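Trainee:
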Amino acid sequence: MSESEHQAGGQTSRWRSALPALGIVVAAALLCFFLLEWGDGPGTVGSLVFLVILPAALSAFLCLLIIPDSSESALPYFLIPVGLVAVAVIVGMVALGEALICVLLLSPLWLFAGWAGALYAHGLRSRRRGRNRLHASILLLIPFLALQVEQSVPRSWEEREVTRSIDIPAPPERIWPMLVSIADIRPHEGRWNVSQDLIGIPRPLSAAIRRDGEQARRLARWSEEVHFEEIVRTLVRNERLTWTFHFPDDSLRARTDRHISPRGDNLDVRTGSYRLVPLGNGNTRLILTTRYRLRTPLNDYSALWGELFLGDIQNNILAVIADRARA
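What follows is the structure in structure tokens.
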């Protein structure tokens, strides 16, 4: 057999051995997913094991079983985690029906954790050649052992807030009525943004304050049959409006991501406020703030997405109000 035929045979053999390894990886990931989703814990989005440890272990597992000891190229260690994330996205969206938001939140973490696992596999292989299967088997057990530890580790809430503002060439008296009630928001109104125009988060359609005895509620209605309430706490005409969010049903969660509830174990959207600040010369600064709590293993990472999603929603609402005030 010529050298080229021997190399071709080796490549075919490695790809044949890769298929069972990939099947094991998919099975392990699904098992971890269902253990977290069906258990009493924080779910997948609240699990450091699922977000970081699992993709690192699975990438290292694949690298040890697929990449030959004789390989000196770093490219396979780069590509295997990329392929793992691609498979996770396909399985998640097609087989499990995951929303785009979930995939966006998951993919960067899995990718960087996967590269860390691949780097570990590269270092392990260079030190201890010939024991790849043993090390791969141990790596596959680590996420499930870590799950047992994670369940017993308490996490505390962290307060966060997102604020956006816009300067409007109108006095507070003209802007204030639209904070109390705004109707018939058309699809073309507002500002283009990533969260609502690309990712598909619903857009606001109307909001109006209704009184129930002494209690005032601001009823918000969004596209895709999303609705919730804002229980008014402070109302100072032409100055400020504050409220506490109330989500009477699951409509928002159902239209965004079933893993992330606005009043769940990992996220608690609490209060909001408008403030009107006169700037002189007939101009007014309108400030919109949303306050929420996080209880995830990666609060800073989650807060970055909060800045994007809530910030886009706020900018869109402020733009609608500003455009109507200018008219």
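Residue numbers for the sequence shown follow our numbering, beginning at 3 and rising by one. Glycine residues also receive a C-beta, built at the ideal position from the N, C-alpha and C atoms. Please read these numbers as outputs of a predicted model, since none were measured by experiment.
Tell me which residue opens and which closes the alpha helix (DSSP H) that Asn285 is part of.
Mentor: In the sequence shown, counting from the first residue as 1, residue 285 sits at position 283. Not the alpha helix (DSSP H): Asn285 falls in the beta strand (DSSP E), residues Asn285 to Leu296.
Trainee: So, under 8 Å CB-CB, Val54 and Ile187 are touching, yes? Tell me the CB distance rounded to an integer number of Å.
Mentor: Stepping through the sequence shown from its first residue, residue 54 is reached at position 52. Stepping through the sequence shown from its first residue, residue 187 is reached at position 185. That pair is no contact at about 40 Å.
Trainee: Taking just the CA atoms, how far does Gly313 sit from Ile168?
Mentor: By one-based count along the sequence shown, residue 168 stands at place 166. By one-based count along the sequence shown, residue 313 stands at place 311. Their Cα atoms are separated by approximately 12 Å.
Trainee: How many Å lie between Val84 and Gly116 at the Cα?
Mentor: The residue given as residue 84 occupies position 82 in the sequence shown. The residue given as residue 116 occupies position 114 in the sequence shown. Their backbone Cα atoms lie some 8 Å apart in a straight line.
Trainee: With distances taken from CA atoms, which of Arg239, Gly215 and Asp199 is nearest Leu181?
Mentor: If you number the sequence shown from 1, residue 181 lands on position 179. Minimum Cα distance to Leu181 is reached at Arg239.
Trainee: Here's the rule I'm using: 16 or more other beta-carbon atoms within 10 Å means buried, otherwise exposed. How should Arg166 be labelled?
Mentor: By 1-based counting over the sequence shown, the position of residue 166 is 164. With 16 or more Cβ atoms within 10 Å of its Cβ, Arg166 is classed as buried.
Trainee: Excluding five sequence neighbours on each side, which residues of the same chain lie with their C-beta closer than 6 Å to the C-beta of Arg157?
Mentor: The residue given as residue 157 occupies position 155 in the sequence shown. Once the five neighbours on either side are set aside, the close Cβ partners of Arg157 are Arg297.
Trainee: Could you tell me whether the Cβ atoms of Arg219 and Arg212 are closer together than 8 Å?
Mentor: By one-based count along the sequence shown, residue 219 stands at place 217. By one-based count along the sequence shown, residue 212 stands at place 210. The answer is yes: Cβ separation under 8 Å.
Trainee: Closer than 7 Å: is that where the CB of Thr246 sits relative to any heavy atom of the ligand NAD?
Mentor: Absence of the ligand NAD is noted for the structure shown, with no ligands found whatsoever.
Trainee: Could you spell out where the alpha helix (DSSP H) holding His124 opens and where it closes?
Mentor: Walking along the sequence shown from the start, residue 124 turns up at place 122. Taken as a continuous stretch (DSSP letters only), the alpha helix (DSSP H) holding His124 covers Leu102 to Arg129.
Trainee: Is it buried or exposed for Leu149, if we count other Cβ within 10 angstroms and need 16 for buried?
Mentor: Translated into positions along the sequence shown, residue 149 becomes position 147. Leu149 should be labelled buried.
Trainee: Does the beta-carbon of Asn318 have 16 or more other beta-carbons within 10 angstroms, so that it is buried, or is it exposed?
Mentor: Within the sequence shown, the letter at position 316 stands for residue 318. Looking at its Cβ environment, which holds 16 or more other Cβ atoms inside 10 Å, Asn318 is buried.
Trainee: Just to confirm my understanding: we take Ser275, look at its own chain, exclude 5 residues before and 5 after, and list those with CB closer than 6 Å. What are they?
Mentor: Here the question's residue 275 lines up with position 273 in the sequence shown. Cβ neighbours of Ser275 beyond the five flanking positions: Thr244 and Thr291.
Trainee: Quick check on the burial criterion: 16 or more other C-beta atoms within 10 angstroms. Buried or exposed for Arg328?
Mentor: The residue labelled residue 328 in the question sits at position 326 within the sequence shown. Arg328 comes out exposed.
Trainee: Give the range of the beta strand (DSSP E) segment to which Leu98 is assigned.
Mentor: Taking the first residue of the sequence shown as position 1, residue 98 is located at position 96. Neither: Leu98 is in no beta strand (DSSP E) and is coded neither H nor E.
Trainee: Which residue from Val151, Leu147, Leu50 and Ala58 puts its Cα closest to that of Leu113?
Mentor: Position 111 of the sequence shown holds residue 113. Ranking Val151, Leu147, Leu50 and Ala58 by Cα distance to Leu113 puts Ala58 first.
Trainee: Pick from Gly282, Met95, Val105 and Cys104: whose alpha carbon is nearest that of Pro171?
Mentor: Mapped onto the sequence shown, residue 171 falls at position 169. For the residues Gly282, Met95, Val105 and Cys104, the minimum Cα distance to Pro171 belongs to Gly282.
Trainee: Considering only residues of the same chain and omitting the five flanking positions on each side of Pro174, which have a CB-CB separation below 8 Å?
Mentor: Numbered from 1 along the sequence shown, position 172 holds the residue referred to as residue 174. Same-chain partners within the cutoff: Asn240, Glu241, Leu278, Pro280 and Thr286.
Trainee: Taking DSSP as the reference, what is the three-state secondary structure of His229?
Mentor: As a working mapping, residue 229 is identified with position 227 in the sequence shown. The answer is strand: DSSP assigns His229 an E or B state.
Trainee: Short check: CB of Arg1 to CB of Arg162, under 8 Å?
Mentor: For residue 1 there is no data in the structure shown, the boundaries of the chain being 3 and 329.
Trainee: Output needed for Glu227: all residues of its chain with C-beta closer than 7 Å, excluding positions within five of it in sequence on either side, in chain order.
Mentor: Residue mapping note: residue 227 aligns to position 225 of the sequence shown, counting from 1. Excluding sequence neighbours, Glu227 sits near Ser253.
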